[in-house]
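S.K.: Dropping a structure here in structure tokens format, bear with me for questions.
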Amino acid sequence: MEGTGRRVAYDNFTTIDWIHDFAKERARQRKLRHQKGIGGQLRLIFDAMEGWIVVLAVGVISGILAAVITITTEWLNDIKEGYCKTGFYLNRKNCCWGYDDDRESCVEWVRWTTALQAKSAAAEFWTNYLIYIIFSTTFATIAAYLVKSYSSYSTGSGIPEIKTILGGFVIRKFLGWWSLIIKSIGVCLIAASSLCLGKEGPLIHLACCCGNIIPRIFPKFRHNEAKKREVLSAAAAAGVSVAFGAPIGGVLFSLEEVSYYFPFRTMWRSFFCAMVAAVALASMNPYRTGKLVLFQVVYDREWHGFDMFFFALLGIMGGIYGALFIRMNLKVAVFRKDSWLRYFSVQEVIIISLFTSIVSYLNIYMRVNPSELVANLFRECEGGDYHNLCNYTNHWEPTLLLLIASILKFFLTAVTFGLKVPAGVWLPSIAIGACFGRAVGLMVHAWQKYNPGFWLFASCEPDTECITPGMYAMVGAAATFGGVTRMTVSLVVIMFELTGALTYVLPIMIAVMISKWVGDAFDKEGIYDGWIRINEYPFLDSKEDYVYNTLASQYMTRVEDLTVITATGHTLESLDELLNDTDYKGFPVVNNLKNMLLTGYISRSELRYAMDKAKKKTGISLLSPCYFSNLPILDSTAFIDFKPWMDQTPITISPKFPMEMTIELFRKMGLRYILITQHGQLLGLITKKDVLRHLSAIRHPDVVNSEDSQEQPKYMMISERDLTNDFGTV
């Protein structure tokens with residue numbers, strides 16, 4: 001047994017002990033290696049294969065699930081326009097298989113205006129309008145009801161919670177069966193409704209649900225939370241892989257954005273899981289086109305030097321959009337959280353869905369399926385027109401509609417993201433950027449068309465298409481996507497895998513970096529970091545820098561304010577009174593109250609479990625002595641030894657240890673607490689909650705009340721008395 005001691009199962013809403021779980025895994029592997037013979041060798045081989053078997057299963061199921069969701073969403077989207085008389089379960093594409101893209105030529109597909117015998121143009125318009133509103137609102141209402149009735153954890157994208165879970169926090173049932181089932185159904189309904197939400201973010205949550213359920217088969221993962229999080233990192237990569245058809249981008253997303261602990265073996269397993277998920281999705285071929293996602297495009301035109309000016313402009317707009325969106329969305333979320341609206345989640349969804357469907361139908365670029373819209377905004381003008389996007393004789397009509405669509409989508413998405421329904425913000429952000437980028441591309445195209453001799457267009461060859469508006473749409477989508485999420489490397493790779501054009505990596509890189517710089521000028525946190533903050537999740541972001549020259553002793557809870565346990569002198573009765581009188585999550589153990597020499601640290605859950613276990617033993621009473629060290633040798637009286645349940649090797653630091661390095665210890669080692677000692681004598685305690693509150697006060701000083709702020713130094717140190725915590729402080 002190693003010095004970290006024994007542990008019971010983690011309680012809900014607690015942080016895992018990374019050091020103990022790694023020690024537990026080392027002990028298990030040592031025991032496995034000591035087994036002799038062929039059986040022992042076979043067990044070693046199977047143990048090494050378990051991780052690969054798990055990520056293989058996660059990848060396959062994630063790919064199949066994404067394909068089923070895509071097919072179902074396509075059918076629900078098409079059912080708003082009509083139905084297939086040869087098979088009601090067929091969407092329009094499968095119903096009209098073999099026909100051209102012209103919808104009117106397919107006799108098997110029956111539009112609702114035909115079924116309801118709408119004769120005049122006005123009757124057709126109002127029939128389509130009302131059916132669109134009814135179906136859209138019904139889909140959103142069903143999704144909201146399912147979430148409220150069966151799985152409250154199925155709301156939102158789930159990415160903030162996944163980041164927190166991968167950081168070591170335990171949220172029971174968030175990645176369970178009910179979340180998997182309800183979110184799979186709900187995301188189909190929401191993606192087919194008129195709400196400005198997407199299914200790409202929830203696909204990551206669903207993949208992580210698979211990554212949580214499947215490893216339960218193997219005890220190595222079932223009984224070790226740290227090992228389970230390695231699988232969850234791979235599952236997150238698989239989620240991005242099936243959402244965008246970007247396996248490499250998925251691995252980089254897991255590394256850059258969500259994973260807290262990402263060793264080398266996890267990178268390989270993430271790569272394998274993302275690859276398998278993409279292969280499974282491709283084998284299902286949900287779009288019947290060979291594409292993994294609907295908006296995959298290929299460009300064959302080169303960009304020119306003058307395009308860089310407009311790409312930079314799109315990057316600036318993407319950063320401004322991201323900053324404004326985050327600020328507006330979080331303000332709406334805080335109002336929704338603290339007001340009476342939280343009691344009427346279903347009714348709120350109905351009202352917003354009704355309003356959105358009424359507004360969206362009047363603009364063709366808001367009415368159509370967002371994936372289909374983005375696909376056509378990205379593509380070049382070859383092989384037919386799509387709602388006048390390639391009408392170069394009258395640029396201003398589609399340009400104006402695109403600008404209106406991007407503005408309305410911005411406000412609607414900012415209000416809608418955060419409703420109690422499965423929801424992603426990735427596709428709406430991409431659609432907003434694509435609309436704005438395409439509008440800019442159309443304006444530049446018109447400028448070059450009517451002023452070909454202008455010096456800016458000197459590099460354009462005569463009698464050839466010089467401007468590609470679809471390329472502007474792609475760059476604009478990347479800029480807004482980056483402005484909202486503040487992703488960089490993984491975003492560029494995702495966009496590259498979407499387009500398959502290495503030529504356009506540089507424009508995308510420039511737009512994404514400018515977008516991030518502009519967004520960071522307003523606020524450095526992305527949308528998911530903001531949601532983590534307002535939900536008060538215990539997540540330490542490794543991307544933040546601590547620049548204040550302070551010491552750990554300035555932020556510790558002093559020993560005079562701690563409730564400690566002495567190594568000897570306690571009985572079961574006195575420990576019972578201690579647990580009943582306090583609600584702290586753990587207690588430092590000292591030799592005695594006079595010298596305060598540190599012996600170890602014991603968590604509340606382990607202490608309670610050991611006490612309950614001891615009470616069931618014969619010969620043990622409430623007056624039985626309890627020892628945490630210095631066990632009696634000659635005493636024949638029955639006693640309880642708590643030493644195996646105590647962390648005998650807690651992390652300790654000097655009071656002069658820099659606070660910057662203290663925070664790094666919490667980040668890099670996943671610590672829950674650090675004890676401050678000098679020559680073995682306990683001086684104080686710093687917990688993860690202390691660090692989080694301190695960093696929050698630095699980022700948002702308005703949370704500190706004015707009375708406390710008068711006593712703080714200029715680097716905004718929170719009062720120690722104000723930083724009470726759950727680990728034995730008062």
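Using the UniProt record's numbering, read the sequence shown as starting at 1 and increasing by one per residue. Cβ atoms here follow ideal geometry from the backbone N, Cα and C, with glycine treated the same way. Fair warning: this is a prediction, and the values are worked out from it, not measured in the lab.
Specify whether the stretch 316-324 and the stretch 506-521 touch according to this definition: at least 3 beta carbon pairs, one from each stretch, less than 8 Å apart.
M.R.: In short, these stretches touch, since the Cβ pair count reaches three.
S.K.: Can you tell me the Cα-Cα spacing of arginine 604 and tyrosine 546, whole angstroms?
M.R.: For the purposes of this step, residue 604 is taken as residue 604 along the sequence shown, with counting starting at 1. For the purposes of this step, residue 546 is taken as residue 546 along the sequence shown, with counting starting at 1. Computed Cα separation, rounded: 31 Å.
S.K.: DSSP three-state call for threonine 413: helix, strand or coil?
M.R.: For the purposes of this step, residue 413 is taken as the residue at position 413 of the sequence shown. Correct three-state label for threonine 413: helix.
S.K.: To the nearest angstrom, how far is it from the Cα of tryptophan 531 to the Cα of phenylalanine 378?
M.R.: On the sequence shown, residue 531 is found 531 positions in, with the first residue counted as 1. On the sequence shown, residue 378 is found 378 positions in, with the first residue counted as 1. Going from the Cα of tryptophan 531 to the Cα of phenylalanine 378 covers about 30 Å.
S.K.: Enumerate, from N- to C-terminal direction, the unbroken alpha helix (DSSP H) stretches of 4 or more residues contained entirely within the stretch 361-435.
M.R.: Fully enclosed alpha helix (DSSP H) runs of 4 or longer: 364-367, 370-378 and 396-416.
S.K.: Does the stretch 168-185 touch the stretch 237-254, meaning 3 or more C-beta pairs lie closer than 8 Å?
M.R.: These segments do not touch.
S.K.: Closer than 6 Å by C-beta to glycine 87: which residues in its own chain qualify, once you throw out the five before and the five after it? Chain order, please.
M.R.: In the sequence shown, counting from the first residue as 1, residue 87 sits at position 87. Within the same chain, glycine 87 has no close Cβ partners at all.
S.K.: According to the neighbour-count rule (16 or more other Cβ atoms, all chains shown, within 10 Å of its Cβ), is tryptophan 340 buried or exposed?
M.R.: What you label residue 340 is simply residue 340 of the sequence shown in a count that begins at 1. Exposed: under 16 other Cβ atoms inside 10 Å.
S.K.: Is the separation between the beta-carbon of phenylalanine 311 and that of leucine 456 shorter than 7 Å?
M.R.: The count along the sequence shown starts at 1 and reaches residue 311 at position 311. The count along the sequence shown starts at 1 and reaches residue 456 at position 456. Not in contact: phenylalanine 311 and leucine 456 (Cβ atoms no closer than 7 Å).
S.K.: Work out the CA separation of phenylalanine 436 and asparagine 451 for me, nearest whole Å.
M.R.: Taking the sequence shown and counting its residues from 1, the one referred to as residue 451 is at position 451. Taking the sequence shown and counting its residues from 1, the one referred to as residue 436 is at position 436. Computed Cα separation, rounded: 22 Å.
S.K.: I need the DSSP call for valine 590, collapsed to helix, strand or coil.
M.R.: Your numbering for residue 590 matches position 590 in the sequence shown. Strand, per DSSP.
S.K.: For glycine 211 and asparagine 388, I'd like the C-alpha separation in whole angstroms.
M.R.: Walking along the sequence shown from the start, residue 211 turns up at place 211. Walking along the sequence shown from the start, residue 388 turns up at place 388. Taking the straight line from one Cα to the other gives about 44 Å.
S.K.: Is serine 286 helix, strand or coil by DSSP?
M.R.: Translated into positions along the sequence shown, residue 286 becomes position 286. Just to set this straight, residue 286 is proline in the shown sequence, not serine. In this structure, proline 286 counts as coil in the three-state DSSP scheme.
S.K.: Should leucine 671 and methionine 596 be called a contact, given that it needs their Cβ atoms to be closer than 7 Å?
M.R.: Residue 671 sits at position 671 when you count from the first residue of the sequence shown. Residue 596 sits at position 596 when you count from the first residue of the sequence shown. No, the Cβ-Cβ distance between leucine 671 and methionine 596 is not below 7 Å.
S.K.: Buried or exposed for lysine 173, going by 16 or more other Cβ atoms inside 10 Å?
M.R.: Translated into the one-based positions of the sequence shown, residue 173 becomes position 173. The residue is exposed, with fewer than 16 neighbouring Cβ atoms inside 10 Å.
S.K.: Please determine if the stretch 603-622 and the stretch 567-574 are in contact, where contact requires at least 3 C-beta pairs separated by less than 8 Å.
M.R.: Segments in contact, yes.
S.K.: Is it a yes or a no for the stretch 70-89 touching the stretch 40-57, going by three-plus beta-carbon pairs under 8 Å?
M.R.: Cβ pair count under 8 Å is below three, so no.
S.K.: Output the boundary residues of the alpha helix (DSSP H) element that contains leucine 29.
M.R.: On the sequence shown, position 29 is the one that residue 29 refers to. Note on identity: in this sequence residue 29 is glutamine, with leucine being the wrong assignment. Element bounds for glutamine 29: 18-33.
S.K.: Helix, strand or coil for threonine 558? Go by DSSP, reduced to three states.
M.R.: As a first step, residue 558 is located in the sequence shown; it is residue number 558 there, counting from the start. The sequence given here has arginine at residue 558, not threonine. Note: arginine 558 maps to strand in three-state DSSP.
S.K.: Between which two residues does the beta strand (DSSP E) containing isoleucine 467 stretch?
M.R.: Start at 1 with the first residue of the sequence shown, and residue 467 comes out as number 467. Premise fails: isoleucine 467 is in no beta strand (DSSP E) and is neither H nor E.
S.K.: Leaving out the 5 sequence neighbours to the left and right, which residues in its chain are closer than 6 Å to leucine 281 when beta-carbon positions are compared?
M.R.: Taking the first residue of the sequence shown as 1, we reach residue 281 at position 281. Within the same chain, leucine 281 has close Cβ partners Gly63, Ala66, Ala67, Val242 and Leu292.
S.K.: From this set, Val231, Val559 and Gly476, which residue's C-alpha is nearest tyrosine 504's C-alpha?
M.R.: The sequence position of residue 504 within the sequence shown is 504, counting from 1. Tyrosine 504 has its Cα closest to that of Gly476, out of Val231, Val559 and Gly476.
S.K.: What are the start and end residues of the beta strand (DSSP E) that includes leucine 683?
M.R.: As a working note, residue 683 is residue 683 in the sequence shown. That run of the beta strand (DSSP E) goes 681-687.
S.K.: In whole angstroms, what separates the C-alpha of lysine 409 from that of alanine 118?
M.R.: By 1-based counting over the sequence shown, the position of residue 409 is 409. By 1-based counting over the sequence shown, the position of residue 118 is 118. So the alpha carbons of these two residues sit roughly 31 Å apart.
S.K.: Could you tell me the boundaries of the alpha helix (DSSP H) in which glutamine 678 lies?
M.R.: Your numbering for residue 678 matches position 678 in the sequence shown. Counting along the chain, glutamine 678 falls outside any alpha helix (DSSP H), though it belongs to the beta strand (DSSP E) covering 673-678.
S.K.: What three-state label does DSSP hand tyrosine 83 in the structure shown?
M.R.: Along the sequence shown, read from residue 1 onward, the residue named residue 83 stands at position 83. Here tyrosine 83 sits in strand by DSSP.
S.K.: Shorter than 6 Å, the distance from the beta carbon of proline 370 to the closest heavy atom of the ligand ATP, or not?
M.R.: Questions concerning the ligand ATP fall outside what the structure shown contains, since it holds no ligand whatsoever.
S.K.: Within 10 Å of its beta-carbon, does valine 240 have 16 or more other beta-carbons around it, so buried, or fewer, so exposed?
M.R.: Within the sequence shown, residue 240 is the residue found at index 240, counting from 1. Flag for valine 240 reads buried.
S.K.: Going by C-alpha to C-alpha distance, which of Ile663, Ile510, Asn630 and Val147 sits closest to threonine 550?
M.R.: Residue numbering aside, residue 550 sits at position 550 when the sequence shown is read from its first letter. Measuring from the Cα of threonine 550, the nearest candidate turns out to be Ile663.
S.K.: Between which two residues does the beta strand (DSSP E) holding cysteine 96 run?
M.R.: In the sequence shown, residue 96 corresponds to position 96, counting from 1. That residue, cysteine 96, is in no beta strand (DSSP E); it is neither H nor E in DSSP.
S.K.: Who are the near neighbours of alanine 238 in its chain, counting only those whose CB is closer than 7 Å to its CB and skipping five residues on each side?
M.R.: The residue you call residue 238 lines up with position 238 of the sequence shown. Same-chain partners within the cutoff: Val58, Gly59, Ser62, Ala207, Gly250, Cys273, Ala274 and Ala277.
S.K.: Taking Cβ to Cβ, would you say alanine 143 is nearer than 7 Å to lysine 420?
M.R.: By 1-based counting over the sequence shown, the position of residue 143 is 143. By 1-based counting over the sequence shown, the position of residue 420 is 420. Contact: no.
S.K.: Would DSSP call tyrosine 601 helix, strand or coil?
M.R.: If you number the sequence shown from 1, residue 601 lands on position 601. Strand at tyrosine 601.
S.K.: Tell me whether aspartate 641 sits in a helix, a strand or coil according to DSSP, three-state version.
M.R.: Reading the sequence shown from its first residue, position 641 is the one you call residue 641. Three-state result, aspartate 641: strand.
S.K.: If I'm right that serine 353 touches leucine 195 with Cβ under 8 Å, what's the distance once you round it to whole angstroms?
M.R.: Indexing the sequence shown from 1 puts residue 353 at position 353. Indexing the sequence shown from 1 puts residue 195 at position 195. With 8 Å as the limit, serine 353 and leucine 195 qualify as a contact, their Cβ atoms being about 6 Å apart.
S.K.: For histidine 700, count the other beta carbons within 10 Å of its own beta carbon; 16 or more makes it buried, fewer makes it exposed. Which is it?
M.R.: Position 700 of the sequence shown, counted from the first residue, corresponds to residue 700. Answer is exposed; the Cβ neighbour count stays below 16.
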